[in-house]
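Colleague:
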Amino acid sequence: MNGTYGLAFWYGTSLILSGEPDYTIGTVLAVFFSVIHSSYCIGAAAPNFETFTIARGAAFNIFHIIDKKPTIDNFSTTGYKLECIEGTVEFKNVSFSYPSRPSIKILKGLNLKIKSGETVALVGPNGSGKSTAVQLLQRLYDPDDGFITVDGNDIRTLNVRHYREHFGVVSQEPVLFGTTINNNIRYGQDGVTNEDIEKAAKEANAYDFIMEFPKKFNTLVGEKGIQMSGGQKQRIAIARALVRNPKILILDEATSALDTESESAVQAALVKKE
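By full-length UniProt numbering, the letter at position 110 of the sequence shown is numbered 110, and the numbering carries on one by one without gaps.
See the structure below:
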């Protein structure tokens with residue numbers, strides 16, 4: 001850096017002594033201090049060059065993922081949109097293995113028919129494919145063999161976004177957002193009223209504990225629902241699913257954190273909705 005200063009000073013002095021009218025002392029000093037400032041900036045940035053290189057490599061991977069077109073595109077406009085879905089589901093000789101473990105078959109020749117209005121429980125040990133069947137029904141994956149139909153239509157021919165709008169899904173570990181109970185339930189469907197939210201809360205057996213809070217439905221649940229117990233989070237998530245009045249309701253161990261009395265109340269409400 002000092003060499004840069006010396007070179008700039010020597011060259012500037014030479015230009016002044018040459019007698020050229022365009023090179024005044026003021027001009028040379030302006031250039032000289034510009035060189036000093038730019039040299040300082042380059043010197044300060046030099047230790048970060050390695051970080052810039054690492055960031056560039058990371059950004060390449062990120063944008064590669066962003067630009068990658070998914071096999072099942074939720075934003076695709078293609079596919080048939082059913083005007084009315086009754087909810088009759090059928091698995092026909094469905095086999096599936098996850099892409100990360102292609103040699104391990106999770107489902108082998110599954111055949112299952114669920115008529116509209118029926119309540120069916122998939123029971124089995126961990127790893128038997130219960131959640132996998134649910135994911136295939138939502139078309140998060142496509143089967144390796146066989147196919148799945150809804151009302152007689154192969155779900156691969158349907159518009160993905162429109163098809164998924166008819167589902168209500170509650171998982172064992174529900175996701176709540178850091179806002180009010182009202183907003184968490186409202187996220188289930190656009191245009192719902194407060195009356196709809198209260199009705200869904202009652203059906204999910206959540207209304208009573210919500211009304212015990214000082215701010216009732218305006219109570220903040222905290223980040224990821226940290227202010228709520230496991231059972232309260234599950235009931236709020238169930239209310240969020242019910243408020244959209246789905247044609248197909250999936251509860252993936254959604255009442256595991258509820259006591260027997262609360263679980264019975266929720267199940268009774270779901271039976272009434274059928």
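Every residue, glycine too, gets a C-beta built ideally from N, C-alpha and C.
Just confirm the distance between the C-beta atoms of residue 168 and residue 241, as a whole number of angstroms; I'd bet it's less than 8 Å.
Modeller: 3 Å
Colleague: Secondary structure at residue 167, three-state DSSP: helix, strand or coil?
Modeller: strand
Colleague: Find the nearest neighbour of residue 261 within the set 249, 205, 212, judged by alpha-carbon distance.
Modeller: With distances taken between Cα atoms, residue 261 lies closest to 205.
Colleague: Please report the residue range of the alpha helix (DSSP H) in which residue 134 lies.
Modeller: 130 to 137
Colleague: By Cβ distance below 8 Å, which residues in the same chain neighbour residue 223 in space, the five residues on each side in sequence not counted?
Modeller: If we look at residue 223 and ignore the five residues flanking it on each side, its Cβ neighbours are 178.
Colleague: I believe residue 94 touches residue 136 by the beta-carbon criterion, under 8 Å. Please report the beta-carbon distance rounded to the nearest angstrom.
Modeller: 7 Å
Colleague: Could you check what DSSP says for residue 74 in three-state terms: helix, strand or coil?
Modeller: coil
Colleague: Is residue 113 near residue 77, with beta carbons less than 9 Å apart?
Modeller: no
Colleague: Is it buried or exposed for residue 70, if we count other Cβ within 10 angstroms and need 16 for buried?
Modeller: exposed
Colleague: So, helix, strand or coil for residue 259, using DSSP?
Modeller: coil
Colleague: Does the beta-carbon of residue 248 have 16 or more other beta-carbons within 10 angstroms, so that it is buried, or is it exposed?
Modeller: buried
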